[in-house]
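Engineer: So the number in the numbering used here is just where the residue sits in the sequence shown, counting from 1, plus 116.
For each residue, glycine too, the CB sits at the ideal point set by N, CA and C.
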Amino acid sequence: MPLPFLPGNSPNRQLGKERFHKSQHFDYSNGFPMLAGSEKPGVGGELLYGQTIKPKYSVYPKGHGRDLPSWIAFDKQALCFEAFFQEAVPVAQDETYRIRKCKIYFYLEDDTVQVVEPEYKNSGIPQGTLIHRQRIPLPAPNDDQFYNIFHFNINQQMVLYSRAFTVTNCDSFTRNFLSKLGVRLNNPATVPDDPYTKHREEIEKSMKPLRPYERRDTLKQFLDQDRKVLRFNCYWDDTENVFGDPRVLVLHYYLADDTVEILEIISPNCGRDTVPKFLHRGKLPKHATHMKQPGQITDRTVLNVFSSTSQDQLYILDSLKTGAFQDEFYKDCDLTVGGEVNVWGRRVIITDCDDYTKEHYRSKYGIEDFTPVAYKVPPVPKPQRRMPPYNGFGSEEDSLSSCQGLVPKPPQKDFRRFLDKDSCDLTNVLNFRAKMVTTDPVDRERVFIISFFICDDSICVFEKPQRNSGVLGGKFLERGRVKKPGQELFKSELSEYLKAQDMYVGATICLSSKHFQVLDADEYTFNYMKQHAEKFPKANVGNILSKLRSVPEEKQSEIRTFLTLSDPGNTGSISYESLRGLLMGLDCGLTEHEVLVLGRSFSEREQPEADVGLMLAVAQDFLKKKHFEEFSDMDRAFTHRDRHKTGRLSTKETRTVCKAFHLPLPEKLLGSLFSKFADGDEIDYHAFLAGIDWLEHPAPPVMPDDTLKFDVKARSGADGATVKNVNYSTLLKDVFIFPSSNEDPTTTCTTTTT
117 MPLPFLPGNS
127 PNRQLGKERF
137 HKSQHFDYSN
147 GFPMLAGSEK
157 PGVGGELLYG
167 QTIKPKYSVY
177 PKGHGRDLPS
187 WIAFDKQALC
197 FEAFFQEAVP
207 VAQDETYRIR
217 KCKIYFYLED
227 DTVQVVEPEY
237 KNSGIPQGTL
247 IHRQRIPLPA
257 PNDDQFYNIF
267 HFNINQQMVL
277 YSRAFTVTNC
287 DSFTRNFLSK
297 LGVRLNNPAT
307 VPDDPYTKHR
317 EEIEKSMKPL
327 RPYERRDTLK
337 QFLDQDRKVL
347 RFNCYWDDTE
357 NVFGDPRVLV
367 LHYYLADDTV
377 EILEIISPNC
387 GRDTVPKFLH
397 RGKLPKHATH
407 MKQPGQITDR
417 TVLNVFSSTS
427 QDQLYILDSL
437 KTGAFQDEFY
447 KDCDLTVGGE
457 VNVWGRRVII
467 TDCDDYTKEH
477 YRSKYGIEDF
487 TPVAYKVPPV
497 PKPQRRMPPY
507 NGFGSEEDSL
517 SSCQGLVPKP
527 PQKDFRRFLD
537 KDSCDLTNVL
547 NFRAKMVTTD
557 PVDRERVFII
567 SFFICDDSIC
577 VFEKPQRNSG
587 VLGGKFLERG
597 RVKKPGQELF
607 KSELSEYLKA
617 QDMYVGATIC
627 LSSKHFQVLD
637 ADEYTFNYMK
647 QHAEKFPKAN
657 VGNILSKLRS
667 VPEEKQSEIR
677 TFLTLSDPGN
687 TGSISYESLR
697 GLLMGLDCGL
707 TEHEVLVLGR
717 SFSEREQPEA
727 DVGLMLAVAQ
737 DFLKKKHFEE
747 FSDMDRAFTH
757 RDRHKTGRLS
767 TKETRTVCKA
777 FHLPLPEKLL
787 GSLFSKFADG
797 DEIDYHAFLA
807 GIDWLEHPAP
817 PVMPDDTLKF
827 DVKARSGADG
837 ATVKNVNYST
847 LLKDVFIFPS
857 SNEDPTTTCT
867 TTTT
């Protein structure tokens, strides 16, 4: 017995339900109410009794694969099928049906289908897109569903809007995609022949028009090879003809249109007029010997020409091309190095080509042999022109320039060397101290400063004035180049002049018919020779050590014994004078300069420490002469940079402020002052300004000699730092004990300080 329909006796279907909305079934269209949602569900989205919902999405299961929507995952991806359909032609006489080929595209992103028919020329049928892209329903009775990917296969029929399409084949992407989905594809089908289309093709093949149009597609070659030119060097021997001579040519082959252009290289004073081109650009025939007359070369023959009163002149061309002129033209494969080219009967030989042409033949034809052809006779050596001897007017270079041309030109100078070694700041000047080699007791005491200017190899001599010597000092020799003695005056060759390599300590040079012996050099000269040891062999420590290693064994033992006896305290160092006397007495082949360089390399030269008061007095003397009074402004600049108000600034910042105010002090003096006022890397700028302020804290006057000690630009002396002690233990180790006999001794250069 059924239970009565009372509360509590029947289940409540609304329990747990959250959605109670009702779908909208009616809407307005163009102002009229109409039923718009016949397929919409009932209350809460539940289906009504007997209602089925059409699928709106793809058949791919949800939640598998990537989490991207289909319109992103399958964007711009479509399956392409080849198909055809048969169309009946009831009103035509020549055909009863027609086979029309088309392509079916299935877009994976939204399951839409598009059918496109390729356009055929003169078909008379409106072709193109047959079915626009859309979702296509299945045929009845399943018209409430749409085509999906599993409805497609090869060699089957598909009904699209009551038209039967037969799918015959698909592309490789479609085949792979369906295979991955598990679809077993059928074998491809063949498209049946269309009788009328086949009949039209036979008619077109049998037709021979009176004026056939021949299309030659040269656009692709032009676009690919435009502005690409092969260049060959050629040679034409024209000596067999009267007044003929060898001709040098350049052949250009244009890859864009297979044309050839030839230019002639005309040497100076050959007697020929300069012409623009030897052969104008055009196709070059292989077997032609002379140019054809206009009208001889035609594509076809004109069969007849007739005229009428009502029409213009008419003509008919020979479609069989019986009178066409056939000729073979040169291609890039015919041009090789060493080959011959027939240029309208002229035998031109290809001798060489450029790098681009070689690369073209390597990549296209695999040719690797590009050996040039030797065609030129080696030139006859020109007879040596002997210059006339020097006539005594002007310099030797001026006389030589007057013989080299009708219009005399001044001799060229080495301006690059002059700019690199400009001596305006006296930094590229080698200064030596010398004495005169003479028997006169007065002249032997005279001291000379010889300055050698590297920029132009000029020399000037200055004599230091000495009190109560009876000789006035000053300029002894005007600046200029000095010839080496013993040379003939009137000769054809240029004279030899003294060079920087001839200037070294111990050398004897002749200046203005006077012999001078070089006694010493300044510090800059020694450093310059050391930095350019490859140009100054006397300053090359490697060469000096090599000479010492080559002395006999008995002399080496004498050197060891003498050095040991000269150092009774076993300190490892002896005086320089003892070492000099030893090396000069044993006759080791060393000059005075080489001994001095050797002593400098193995010693510590003591530099006299300058007095702070003297440096400040010299600095005030410089500032007083330059009228520099901006000390208060410098104090404000220092205070502005001192953010922590400590009264100290770094050396870099202090130098920056001095450069900003153009403090007129030499760099050597300014650096010495910074080192005196520095505490670590910081400088007490208040003490520095108070020391150089000649207005508030004037210093006593200084002598000119004290100023010259700190003025780099006024460097006129040749006094360098003296060498006192030499570390002979390190010297013996480097000279007589070295790692291997195969090592080049000239490369050994060790500088050790004590």
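For Q442, write down the residues that DSSP places opposite it in a beta bridge.
Structural biologist: Numbered from 1 along the sequence shown, position 326 holds the residue referred to as residue 442. Its beta-bridge partners do not exist; DSSP assigns none.
Engineer: Fully enclosed by the region 485 to 563, which beta strand (DSSP E) runs are 3 residues long or longer?
Structural biologist: For the region 485 to 563, whole beta strand (DSSP E) runs of length 3 or above, ordered along the chain, are 545 to 552.
Engineer: Is it the case that the Cβ atoms of V667 and C704 are separated by a distance below 8 Å?
Structural biologist: On the sequence shown, residue 667 is found 551 positions in, with the first residue counted as 1. On the sequence shown, residue 704 is found 588 positions in, with the first residue counted as 1. For V667 and C704, yes; Cβs fall inside 8 Å.
Engineer: Going by the CB atoms, is the gap between I413 and F445 shorter than 8 Å?
Structural biologist: The sequence position of residue 445 within the sequence shown is 329, counting from 1. The sequence position of residue 413 within the sequence shown is 297, counting from 1. No. Outside cutoff.
Engineer: So which of K630, L335, S662 and E746 has the shortest CA-CA distance to E710?
Structural biologist: Position 594 of the sequence shown, counted from the start, is the residue given in the question as residue 710. Cα-wise, what sits closest to E710 is S662.
Engineer: Do the region 381 to 397 and the region 490 to 506 make contact, defined as three or more Cβ pairs closer than 8 Å?
Structural biologist: Result no; under three Cβ-Cβ pairs closer than 8 Å.
Engineer: Apply the 10 Å Cβ neighbour rule to S515 and answer buried if 16 or more other Cβ atoms are within range, or exposed otherwise.
Structural biologist: The sequence position of residue 515 within the sequence shown is 399, counting from 1. That one is buried.
Engineer: Could you check what DSSP says for F148 in three-state terms: helix, strand or coil?
Structural biologist: Residue 148 sits at position 32 when you count from the first residue of the sequence shown. Reduced to three states, the DSSP call for F148 is strand.
Engineer: Hey, out of N238, K671, I566 and K591, whose CA is closest to M619's CA?
Structural biologist: If you number the sequence shown from 1, residue 619 lands on position 503. Measuring from the Cα of M619, the nearest candidate turns out to be I566.
Engineer: Can you check which of these residues, F293, K237, D259 and T306, is closest to N271 by C-alpha distance?
Structural biologist: Working through the sequence shown from its first residue, we reach residue 271 at position 155. Answer by Cα proximity: T306.
Engineer: Can you tell me which residues form a DSSP beta bridge with S689?
Structural biologist: The residue labelled residue 689 in the question sits at position 573 within the sequence shown. DSSP lists N843 as partners of S689.
Engineer: Rounded to whole angstroms, what is the Cα-Cα separation between G160 and N285?
Structural biologist: In the sequence shown, counting from the first residue as 1, residue 160 sits at position 44. In the sequence shown, counting from the first residue as 1, residue 285 sits at position 169. Cα-Cα distance, rounded: 47 Å.
Engineer: Tell me, please, which residues DSSP counts as bridged to R279.
Structural biologist: For this step, residue 279 is matched to residue 163 along the sequence shown. BP columns for R279 point to L276.
Engineer: Residue range of the alpha helix (DSSP H) that R332 falls in?
Structural biologist: Along the sequence shown, one-based indexing puts residue 332 at 216. Where R332 is concerned, there is no enclosing alpha helix (DSSP H), given that its DSSP letter is neither H nor E.
Engineer: On the CB-based measure, 16 or more other CB atoms within 10 Å of its CB, does N841 come out buried or exposed?
Structural biologist: Walking along the sequence shown from the start, residue 841 turns up at place 725. That one is buried.
Engineer: Since T375 is in the beta strand (DSSP E), which residue starts that stretch and which ends it?
Structural biologist: Along the sequence shown, read from residue 1 onward, the residue named residue 375 stands at position 259. T375 -> beta strand (DSSP E) spans T375 to I381.
Engineer: Determine the direct distance from the alpha carbon of T473 to that of K480, and round the result to whole angstroms.
Structural biologist: As a first step, residue 480 must be located in the sequence shown, where it is residue number 364. As a first step, residue 473 must be located in the sequence shown, where it is residue number 357. For K480 and T473, the distance between alpha carbons rounds to 11 Å.
Engineer: Which of helix, strand or coil does DSSP assign to A208?
Structural biologist: Locating residue 208 in the sequence shown gives position 92, where the first residue counts as 1. If DSSP states are grouped into helix, strand and coil, A208 belongs with coil.
Engineer: Kindly confirm or deny that the region 530 to 539 and the region 622 to 640 touch, where touching means at least three C-beta pairs closer than 8 Å.
Structural biologist: Touching, no, given that fewer than three Cβ pairs across the two stretches are closer than 8 Å.
Engineer: Which ranges would you report for the beta strand (DSSP E) in the region 734 to 793 if only whole runs of at least 3 residues count?
Structural biologist: Entirely contained in the region 734 to 793, the beta strand (DSSP E) runs reaching 3 residues are, in chain order, 764 to 766.
Engineer: Would DSSP call W352 helix, strand or coil?
Structural biologist: The residue given as residue 352 occupies position 236 in the sequence shown. Looking at W352 - three-state DSSP - the assignment turns out to be strand.
Engineer: Using a Cβ-Cβ cut-off of 6 Å (strictly less than) and excluding sequence neighbours within five positions of V232, which residues of its own chain qualify?
Structural biologist: On the sequence shown, position 116 is the one that residue 232 refers to. Around V232: K219 and T245.
Engineer: R502 to P527, Cα distance in whole Å?
Structural biologist: Stepping through the sequence shown from its first residue, residue 502 is reached at position 386. Stepping through the sequence shown from its first residue, residue 527 is reached at position 411. Whole-angstrom Cα-Cα distance: 19 Å.
Engineer: Residue range of the beta strand (DSSP E) that V634 falls in?
Structural biologist: Counting from one through the sequence shown, the residue named residue 634 turns up at place 518. Unbroken beta strand (DSSP E) run through V634: K630 to A637.
Engineer: Tell me the DSSP secondary structure of H406 in three-state form.
Structural biologist: Your numbering for residue 406 matches position 290 in the sequence shown. Coil, per DSSP.
Engineer: Go ahead and pull the three-state DSSP assignment for T467.
Structural biologist: Here residue 467 corresponds to residue number 351 of the sequence shown, with the count starting at 1. The answer is strand: DSSP assigns T467 an E or B state.
Engineer: Expressed to the nearest angstrom, what Euclidean distance is found between the alpha-carbon atoms of C571 and L781?
Structural biologist: For the purposes of this step, residue 571 is identified with residue 455 of the sequence shown, where counting begins at 1. For the purposes of this step, residue 781 is identified with residue 665 of the sequence shown, where counting begins at 1. So the alpha carbons of these two residues sit roughly 27 Å apart.
Engineer: Between which two residues does the beta strand (DSSP E) containing T245 stretch?
Structural biologist: The residue labelled residue 245 in the question sits at position 129 within the sequence shown. Unbroken beta strand (DSSP E) run through T245: G244 to Q250.
Engineer: What three-state label does DSSP hand C626 in the structure shown?
Structural biologist: Here residue 626 refers to the residue found at position 510 of the sequence shown. DSSP places C626 in strand when its eight states are reduced to three.
Engineer: Alpha carbon to alpha carbon, what distance is there between F754 and V734?
Structural biologist: As a working note, residue 734 is residue 618 in the sequence shown. As a working note, residue 754 is residue 638 in the sequence shown. Roughly 23 Å between the two C-alpha positions.
Engineer: Could you check the C-alpha separation between K314 and R216 for me, to the nearest Å?
Structural biologist: As a working note, residue 314 is residue 198 in the sequence shown. As a working note, residue 216 is residue 100 in the sequence shown. Answer to the nearest angstrom: the Cα atoms are 13 Å apart.
Engineer: What's the call for V851, buried or exposed, on a 16-neighbour Cβ count within 10 Å?
Structural biologist: One-based indexing of the sequence shown puts residue 851 at position 735. Buried is the call here.
Engineer: Out of curiosity, what's the CA-to-CA distance linking Q647 and T772?
Structural biologist: Position 531 of the sequence shown, counted from the first residue, corresponds to residue 647. Position 656 of the sequence shown, counted from the first residue, corresponds to residue 772. The straight-line gap from Cα to Cα measures roughly 30 Å.
Engineer: Just to confirm the assignment, what range does the alpha helix (DSSP H) spanning K321 have?
Structural biologist: Locating residue 321 in the sequence shown gives position 205, counting from the first residue. Here the alpha helix (DSSP H) through K321 covers P311 to S322.
Engineer: Of the choices R696, T554, A372 and S322, whose alpha-carbon is the least far from that of K336?
Structural biologist: For the purposes of this step, residue 336 is taken as residue 220 along the sequence shown, with counting starting at 1. The option with the nearest alpha carbon to K336 is A372.
Engineer: Taking only the alpha-carbon atoms, compute the straight-line gap between G153 and T228 and give it to the nearest angstrom.
Structural biologist: If you number the sequence shown from 1, residue 153 lands on position 37. If you number the sequence shown from 1, residue 228 lands on position 112. If you take the alpha carbons of G153 and T228, they lie about 23 Å apart.
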